[in-house]
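Reminder that position 33 of the sequence shown reads as 586 in the numbering used here, one-by-one numbering, no gaps.
Yeah, the Cβ is synthetic: ideal placement off N, Cα and C, and Gly gets one too.
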Amino acid sequence: DPLDPVPPPYRHRPADPTLEHQLWARFWTLATDPGAAREAGVAVAQCKAVSTRVEVGRRYCLRVDEAGLISLTLR
Numbered sequence: 554d555p556l557d558p559v560p561p562p563y564r565h566r567p568a569d570p571t572l573e574h575q576l577w578a579r580f581w582t583l584a585t586d587p588g589a590a591r592e593a594g595v596a597v598a599q600c601k602a603v604s605t606r607v608e609v610g611r612r613y614c615l616r617v618d619e620a621g622l623i624s625l626t627l628r
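Written out as structure tokens, the structure is:
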């Protein structure tokens with residue numbers, strides 16, 4: 554929904570709807586651009602079932618921590 558980019562399961566109440574909308578509207582930028590994420594103060598932007606918009610020509614790092622949690626980040 555272009556007017557409300559926040560997926561209902563992830564909507565946080567009470568929350569600042571302006572900030573929440575800004576973050577979700579930029580989700581894929583924040584997930585795929587480390588500079589933009591750093592500037593916005595976002596440490597992790599990925600789906601729970603590790604997924605991302607993979608782009609040709611980019612390198613990714615897949616990590617599994619000691620608890621078995623998986624992360625996929627740009628290199």
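Excluding five sequence neighbours on each side, which residues of the same chain lie with their C-beta closer than 7 Å to the C-beta of residue i?
i	result
residue 628	612, 613, 614
residue 582	589
Contact check, residue i vs residue j under 8 Å by CB: the rounded distance?
i	j	result
residue 598	residue 584	4 Å
residue 561	residue 578	That belief does not hold up - the Cβ atoms of residue 561 and residue 578 are roughly 15 Å apart, past 8 Å.
Taking all protein chains shown into account, decide if residue i is buried (16 or more other Cβ within 10 angstroms of its Cβ) or exposed.
i	result
residue 590	buried
Return the chain-ordered list of same chain residues with a C-beta closer than 8 Å to the C-beta of residue i, the five sequence neighbours on each side being excluded.
i	result
residue 576	583, 593, 595
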